[in-house]
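>
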Amino acid sequence: MRAKGYKSRPHQIAIDSFKHKLKRLTKRNWSVSMKARVEKINQLIRGWVNYFRVGKMKIKLRNIDAHVRFRLKMCFWKQWKTAKNRKRNLQKLGIHPTEAYKNSHTSKSLV
79 MRAKGYKSRP
89 HQIAIDSFKH
99 KLKRLTKRNW
109 SVSMKARVEK
119 INQLIRGWVN
129 YFRVGKMKIK
139 LRNIDAHVRF
149 RLKMCFWKQW
159 KTAKNRKRNL
169 QKLGIHPTEA
179 YKNSHTSKSL
189 V
């Protein structure tokens with residue numbers, strides 16, 4: 079049964095503030111382990127979602143999820159540094175060796 083009436087949403091300023099905090103946690107030159115980085119990001123996301131949970135934000139969360147994934151891929155790509163490491167790590171993730179080679183030796187990167 080659908081609830082009638084107004085459903086609040088996070089304001090664009092709140093979303094921009096969240097993205098700014100996320101950007102600080104996913105800077106490529108922040109030298110912490112990925113485990114610690116992901117833990118901090120999870121804390122941020124959990125707190126933000128719990129604060130706005132009464133509102134209607136399914137589409138907003140989908141966009142935020144895509145943004146978080148992009149930022150984390152960027153951190154991994156920077157951490158792997160060389161084409162050789164990128165190829166090896168992509169193969170560990172299950173990508174075919176030929177595809178891993180093509181993606182690791184491109185100037186475009188996966189991000």
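Just so you know, we're using the working numbering here: the sequence shown kicks off at 79 and counts up by one.
We treat Cβ as the ideally placed atom computed from N, Cα and C, and that holds for glycine.
(1) Under the rule that 16 or more other beta-carbon atoms within 10 Å means buried, what is residue 135, buried or exposed?
(2) Who are the Cβ neighbours of residue 149 in its own chain at under 6 Å, not counting the five residues just before and after it?
(3) So, helix, strand or coil for residue 146, using DSSP?
(4) What does the alpha-carbon distance come out to for the pair residue 133 and residue 126?
(5) Does the distance from the C-beta atom of residue 178 to that of residue 186 stay below 8 Å?
(6) Quick check: residue 102 and residue 138, are their CB atoms within less than 8 Å of each other?
(7) Pick out whichever of 112, 108, 146 and 85 has its Cα sitting closest to the Cα of residue 93.
(8) So, helix, strand or coil for residue 116, using DSSP?
(9) Rounded to whole angstroms, how far is the Cβ of residue 85 from the Cβ of residue 122, which I believe are closer than 8 Å?
Short version:
(1) Classification of residue 135: buried, given that the 10 Å Cβ count is 16 or more.
(2) 104
(3) The answer is helix: DSSP assigns residue 146 an H, G or I state.
(4) 12 Å
(5) With contacts defined by Cβ atoms closer than 8 Å, residue 178 and residue 186 do not form a contacting pair.
(6) no
(7) 146
(8) helix
(9) Wrong, their Cβ atoms sit about 24 Å apart, outside the cutoff.
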